[in-house]
Amino acid sequence: MAVRTVIRMGHPVLRRVAETVARFGTPELRALVDDLWDTMHASGGIGIAAPQIAVARRVVVFGLGGRADKAGCGRPAPIPPTVLVNPVIEPLADTMAEGWEACLSVPGLRGVVPRHTRIRYSGFDADGNRIDRVVEDYHARVVQHECDHLDGVLYPSRIRDMSTFGFDEELDVEF
Ligand code: NI
């Protein structure tokens, strides 16, 4: 377990299509997932994808509320802590909504990105157990952002109005 270096926009691994994971429950996959959680928590992110620590595999983790919620303390997290391997996303609504996004690989910046408001996502946890959920709004946005990383897509390339793209400290917006 370790906090890994988060690579930033411009690094070639962030533009690659990541490889499908073939074997579940292996020490390598568990170590990768542990490193993703450690790195995400150390960086204060809501999600992170394996390519962001320079591992080109189809693995993301995300959650809002932290791992503590998994143990049943406190209120349920708005987004449950989730490990998602080989994810597939199916949009369930024609509606797209614009919303602010940021990314650990694009530090200090934010922009407004259109995303599907309702999706089904499926995939597997690190042990190969099937995950299948229908989610909306912010949860759907986070999953779409993280899964984009597996196809070499960073959110700035999805921004429609580039006047929304800028540094946190300069944008005149409350988050
Ligand atoms: Ni990101």
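Just so you know, we're using our numbering here: the sequence shown kicks off at 17 and counts up by one.
Don't be surprised by glycine CBs; every beta carbon is placed ideally from N, CA and C.
Item to check | Whole alpha helix (DSSP H) elements within the stretch 25-62, 4-residue minimum | outcome: 43-59
Next on the checklist: Quick check: the stretch 27-35 against the stretch 128-138, are at least 3 beta-carbon pairs closer than 8 Å?
Outcome noted: no
Next on the checklist: Could you tell me the alpha carbon to alpha carbon distance between Pro92 and Val151, rounded to whole angstroms?
Outcome noted: Residue placement at Pro92 cannot be trusted, given a pLDDT of 45 that sits under 50; what the coordinates show is reported in the next sentence. Near 15 Å, if we compare the C-alpha coordinates of Val151 and Pro92.
Checklist entry - In whole angstroms, what is the alpha-carbon distance linking Ala72 and Asp54? => result 18 Å
Next on the checklist: Check for me: the alpha helix (DSSP H) holding Arg157 runs from which residue to which?
Outcome noted: 153-165
Checklist entry - Rounded C-beta distance between Ile95 and Gly79? I'm assuming under 8 Å. => result 5 Å
Checklist entry - What residue ranges within the stretch 73-133 form continuous alpha helix (DSSP H) runs of no fewer than 4 residues, ordered along the chain? => result none
Next on the checklist: So, for Cys163: in the same chain, excluding its five sequence neighbours on each side, which residues have a beta-carbon less than 6 Å away from its beta-carbon?
Outcome noted: Pro103, Ile105
Item to check | Straight-line Cα distance separating Asp153 from Ser121 | outcome: 23 Å
Next on the checklist: I need the straight-line Cα distance from Arg135 to Arg174, nearest angstrom please.
Outcome noted: Correcting the residue type first, residue 135 is Ile in the shown sequence and not Arg. Their Cα atoms are separated by approximately 18 Å.
Checklist entry - Does the beta-carbon of Asp51 have 16 or more other beta-carbons within 10 angstroms, so that it is buried, or is it exposed? => result buried
Item to check | Same chain, Cβ closer than 6 Å to Ala118, five either side skipped, listed in chain order | outcome: Arg126
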